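Notes to accompany the following structure.
See the structure below:
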């Protein structure tokens, strides 16, 4: 028997067929095409499920269930997506209606939580009893795995790890608070910090490189730092300080066996992880503990959400 | 059968006999008298256990086990206190040596974790599946209860909830970091903030009240605020802002069913809890969730640690 994992995103919907070794053996995808009514999105999810199964050379008879990772608050008890800002969902009966469409049991979960489960089952945190997965993207997403299971609080809304204030009265965050970690450590924040440095240092190597490329991305500062630009190095150093500050908070709170970092910026590898780890080693409360959290880059990329969603029925 | 719970503190050691309803039926206590060798402390703990049992009109035959809440990192797998700054313990075999002295199984746990378990078993968080307990004392202590059990990470060093940075580059914290929540929201921090305000406003009602009393405590600002002092109100407002900032972080991370606040400052009751709750309601990420965390004062005071310690064998 296989399972289907669906990653329902604001831009794309991807359905994957996942085998018993937690490998994706076929996929199907389409654009999310927002805004549109939720029923149309569910119909696409049902169609993609069938398409993916066909692409795997199987039929729906071979499918045990469908799991869905969805942005926002997914109530795993009621099967409702209580609220999703990105999708403009409010109290959407995703579980019940999709189950009726595909004729299979459906499980739902927040997308970041599903991705964390994917990394814990088959990725960078495989075998870890406790793990945290932090994704540095448009925002700072998080998922908490305790005893191999997703921890999402008593109301299924927990693990908003990007929304911890690390600078009281600091930068405005999209959530309404000021000074959230997300406002300092997301890719969006790094781009903002990079742009500010370019504006203040128009003659820097980084400014010239950005002008040549015609855009600023999460890589701009890292690339310019590697090319020897001191302005870029200052941007990266400051970004790493904020990132490490929140990560050390997470270590002091959770002492997870594995702390895994995903999202585009995690591709910087050791240029990111090494200095971050130095900060954590210096600052963590558990200096005297024999066993320390292992920091690593996420391994599965966008597949984490699909594999995690496909494991929701075993939670 | 009864169980013995011991609260091993930097100032006092208290042993309590706990019955099957998780009530303390007798106690015995002595001074910790630091500094002294750990063996002397263990001998006192064994003697207090016997004394408490005698005070209850029972014998050690009636005792199932002894649980100990101890400051620092207690490895529940090895039975070693890996490190306790307060007690100057390093790799102390508390479990094995105390068990040999009392002739009963011994369980150990960090004292804040034990207190959280006590509140979850018999206090303010009774019946809650998930709960956080925050103690506002010399520091900001924390305990995490998930599915009725203590969560302490893969190395037994988790739940250092006071040591999350809420102001990057902020006030120096005793742990070595700058800007920890503890450096803003502990009773110690409130006293420091109160003293600073008194120094800057020597003619304020609060300054006069402090001079009359001959000291500044965690109550000084709250009392002066109630007497109508605007300087005191500003101190309390600022303290509550920092306290609520960290508590909202905890809600966004854990979405616990119950968030319970202990320590001396929690005796302020609604003067503290009401404005804190207003901050949390305004700032939490889960604005749209039907079910929201319940904030309350801890119910058991210093007994929480004894009752929690007495429940360690059922974890």
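Chains as they are written, first to last, in our numbering: chain B, 1 to 315; chain U, 1 to 315.
Cβ coordinates follow ideal geometry from the N, Cα and C atoms, glycine included.
Note that the structure is a prediction, hence the values are computed from the model and not measured.
*Tell me, please, whether the CB atom of residue 203 of chain B is closer than 8 angstroms to any CB atom in chain U?*
In the first chain, the residue the question calls residue 203 of chain B occupies position 203. For residue 203 of chain B, not one C-beta of chain U is nearer than 8 angstroms to its own C-beta.
*Starting from residue 177 of chain B, find everything on chain U with Cβ-Cβ shorter than 7 angstroms and list it in chain order.*
In the first chain, counting from the first residue as 1, residue 177 of chain B sits at position 177. Chain U residues near residue 177 of chain B: 283.
*Compare the C-beta of residue 230 of chain B with all C-beta atoms of chain U and state if any pair is closer than 8 angstroms.*
Counting from 1 along the first chain, the entry for residue 230 of chain B is found at position 230. Not an interface residue.
_Am I right that residue 48 of chain B and residue 28 of chain B are in contact with their C-beta atoms under 8 angstroms? What's the rounded C-beta distance?_
Translated into the one-based positions of the first chain, residue 48 of chain B becomes position 48. Translated into the one-based positions of the first chain, residue 28 of chain B becomes position 28. The beta carbons of residue 48 of chain B and residue 28 of chain B sit about 5 angstroms from each other, so the pair counts as a contact at 8 angstroms.
*Listing by chain order, which chain B residues have their CB less than 9 angstroms from the CB of residue 140 of chain U?*
What you label residue 140 of chain U is simply residue 140 of the second chain in a count that begins at 1. Residues of chain B passing the Cβ test: none, with the nearest at roughly 12 angstroms.
*If the cut is a Cβ gap below 8 angstroms, which residues of chain B does residue 286 of chain U touch?*
Here residue 286 of chain U refers to the residue found at position 286 when the second chain is read from its first residue. Simply 73, 155, 157 and 160.
_Bounding residues of the alpha helix (DSSP H) (the contiguous stretch that carries residue 245 of chain U)_ = Within the second chain, residue 245 of chain U is the residue found at index 245, counting from 1. Taken as a continuous stretch (DSSP letters only), the alpha helix (DSSP H) holding residue 245 of chain U covers 230-254.
*Using Cβ-Cβ distances below 8 angstroms, what residues of the region 249-268 of chain B are close to chain U?*
Those residues of the region 249-268 of chain B that come within reach of chain U (Cβ to Cβ, closer than 8 angstroms) are 249, 252, 253, 254, 255, 256 and 257.
*asked:* Going by DSSP in three states, residue 294 of chain B sits in which element: helix, strand or coil?
replied: In the first chain, counting from the first residue as 1, residue 294 of chain B sits at position 294. Strand, per DSSP.
_Which of the three DSSP states is assigned to residue 269 of chain B in this structure?_
In the first chain, the residue the question calls residue 269 of chain B occupies position 269. Looking at residue 269 of chain B - three-state DSSP - the assignment turns out to be coil, as it is neither helix nor strand.
_Under 8 angstroms, with one C-beta from each stretch per pair, do the region 239-249 of chain B and the region 264-284 of chain B reach the 3-pair mark?_
Result yes; three or more Cβ-Cβ pairs closer than 8 angstroms.
_Given a cut-off of 8 angstroms on the beta-carbon distance, is the pair residue 265 of chain B and residue 190 of chain B in contact?_
Looking up residue 265 of chain B in the first chain gives position 265. Looking up residue 190 of chain B in the first chain gives position 190. Yes, the pair counts as a contact, with Cβ atoms nearer than the cut-off.
*Identify which residue in U:196, U:12 and U:24 has its Cα closest to the Cα of residue 321 of chain U.*
An answer regarding residue 321 of chain U cannot be provided, because it is not within the stretch 1 to 315 covered by chain U.
*According to DSSP, residues forming a beta bridge with residue 77 of chain U*: Taking the second chain and counting its residues from 1, the one referred to as residue 77 of chain U is at position 77. Residue pairing from DSSP leaves residue 77 of chain U without any beta-bridge partner.
*Sufficient close CB pairs (3 or more, under 8 angstroms) joining the region 286-305 of chain U to the region 151-161 of chain B*: Result yes; three or more Cβ-Cβ pairs closer than 8 angstroms.
*asked:* I need the DSSP call for residue 116 of chain U, collapsed to helix, strand or coil.
replied: Looking up residue 116 of chain U in the second chain gives position 116. DSSP places residue 116 of chain U in helix when its eight states are reduced to three.
*asked:* Under DSSP, the alpha helix (DSSP H) around residue 53 of chain B begins and ends at which residues?
replied: Numbered from 1 along the first chain, position 53 holds the residue referred to as residue 53 of chain B. Per DSSP, the continuous alpha helix (DSSP H) segment holding residue 53 of chain B begins and ends at 38-55.
*Between B:193, B:115 and B:249, which lies nearest to residue 262 of chain B when the distance is taken from Cα to Cα?*
The residue you call residue 262 of chain B lines up with position 262 of the first chain. Residue 262 of chain B has its Cα closest to that of B:115, out of B:193, B:115 and B:249.
*Please go through the same chain and pick out, in chain order, the residues whose beta-carbon is closer than 7 angstroms to the beta-carbon of residue 218 of chain B, but skip the five residues on each side of it.*
Counting from one through the first chain, the residue named residue 218 of chain B turns up at place 218. Correct list, in chain order: 187, 190, 191, 264 and 265.
_Selection from B:178, B:296, B:279 and B:300 that minimises the alpha carbon distance to residue 270 of chain B_ = Residue numbering aside, residue 270 of chain B sits at position 270 when the first chain is read from its first letter. Of the candidates B:178, B:296, B:279 and B:300, the one whose C-alpha sits nearest the C-alpha of residue 270 of chain B is B:296.
*Using a beta-carbon distance below 8 angstroms, is residue 82 of chain B in contact with chain U?*
One-based indexing of the first chain puts residue 82 of chain B at position 82. Yes, because at least one Cβ of chain U sits closer than 8 angstroms to the Cβ of residue 82 of chain B.
*Check the Cβ-Cβ distances between residue 186 of chain U and every residue of chain B, and say whether any is below 8 angstroms.*
What you label residue 186 of chain U is simply residue 186 of the second chain in a count that begins at 1. Answer no: the Cβ-Cβ gap between residue 186 of chain U and chain B never drops below 8 angstroms.
*With a cut-off of 8 angstroms, does the C-beta of residue 167 of chain U fall near any C-beta of chain B?*
Indexing the second chain from 1 puts residue 167 of chain U at position 167. Yes, its Cβ sits closer than 8 angstroms to a Cβ of chain B.
*At what residue ranges does the region 144-228 of chain B contain a whole run of the alpha helix (DSSP H), taking only runs of 4 or more?*
With a minimum length of 4 residues, the continuous alpha helix (DSSP H) runs that stay inside the region 144-228 of chain B are 182-185, 187-200, 205-213 and 220-226.
*Take the Cβ of residue 248 of chain B as the centre, count every other Cβ of all protein chains shown within 10 Å, and call the residue buried at 16 or more, exposed below.*
The residue labelled residue 248 of chain B in the question sits at position 248 within the first chain. Under this definition residue 248 of chain B is a buried residue.
_So, at 6 angstroms on beta carbons, what are the nonlocal neighbours of residue 71 of chain B in its own chain, with the 5 sequence-adjacent residues on each side left out?_
Looking up residue 71 of chain B in the first chain gives position 71. Setting aside the 5 residues that flank it on each side, residue 71 of chain B is surrounded in the same chain by 84, 86 and 111, each with a C-beta closer than 6 angstroms to its C-beta; the list follows chain order.
_residue 36 of chain B classed as buried or exposed, judged by whether at least 16 other C-beta atoms fall within 10 angstroms_ = Your numbering for residue 36 of chain B matches position 36 in the first chain. Residue burial annotation: residue 36 of chain B is exposed, with fewer than 16 other C-beta atoms found within 10 angstroms of its C-beta.
*By how many angstroms is the C-alpha of residue 221 of chain U removed from the C-alpha of residue 237 of chain U?*
What you label residue 237 of chain U is simply residue 237 of the second chain in a count that begins at 1. What you label residue 221 of chain U is simply residue 221 of the second chain in a count that begins at 1. C-alpha of residue 237 of chain U to C-alpha of residue 221 of chain U: approximately 10 angstroms in a straight line.
*Helix, strand or coil for residue 82 of chain B per DSSP?*
Along the first chain, one-based indexing puts residue 82 of chain B at 82. Reduced to three states, the DSSP call for residue 82 of chain B is strand.
_Taking the beta carbon of residue 77 of chain U as the centre, do at least 16 other beta carbons fall within 10 Å, making it buried, or is it exposed?_
For the purposes of this step, residue 77 of chain U is taken as residue 77 along the second chain, with counting starting at 1. Residue 77 of chain U should be labelled exposed.
*Classify residue 129 of chain U as helix, strand or coil using the three-state DSSP reduction.*
Counting from one through the second chain, the residue named residue 129 of chain U turns up at place 129. Reduced to three states, the DSSP call for residue 129 of chain U is coil.
_Rounded to the nearest angstrom, what separates residue 280 of chain B and residue 132 of chain B at their Cα positions?_
Taking the first chain and counting its residues from 1, the one referred to as residue 280 of chain B is at position 280. Taking the first chain and counting its residues from 1, the one referred to as residue 132 of chain B is at position 132. If you take the alpha carbons of residue 280 of chain B and residue 132 of chain B, they lie about 15 angstroms apart.
*Hey, could you find the ends of the alpha helix (DSSP H) residue 98 of chain B is sitting in?*
Stepping through the first chain from its first residue, residue 98 of chain B is reached at position 98. Counting along the chain, the alpha helix (DSSP H) containing residue 98 of chain B begins and ends at 94-102.
*State the CB to CB distance for the pair residue 122 of chain B and residue 300 of chain B, rounded to an integer number of angstroms; the pair is presumed to be in contact (CB under 8 angstroms).*
Counted from its first residue, the first chain places residue 122 of chain B at position 122. Counted from its first residue, the first chain places residue 300 of chain B at position 300. Their Cβ separation, rounded to whole angstroms, is 7 angstroms, which keeps residue 122 of chain B and residue 300 of chain B in contact under 8 angstroms.
*With residue 310 of chain U as the anchor, note down where its beta strand (DSSP E) starts and where it stops.*
For this step, residue 310 of chain U is matched to residue 310 along the second chain. Per DSSP, residue 310 of chain U belongs to no beta strand (DSSP E); it is in the alpha helix (DSSP H), 303-310.
*Under 8 angstroms Cβ-Cβ, which residues of chain U neighbour residue 130 of chain B?*
Counting from 1 along the first chain, the entry for residue 130 of chain B is found at position 130. Neighbours of residue 130 of chain B in chain U, taken as residues at a C-beta separation under 8 angstroms, are given in chain order as 153 and 154.
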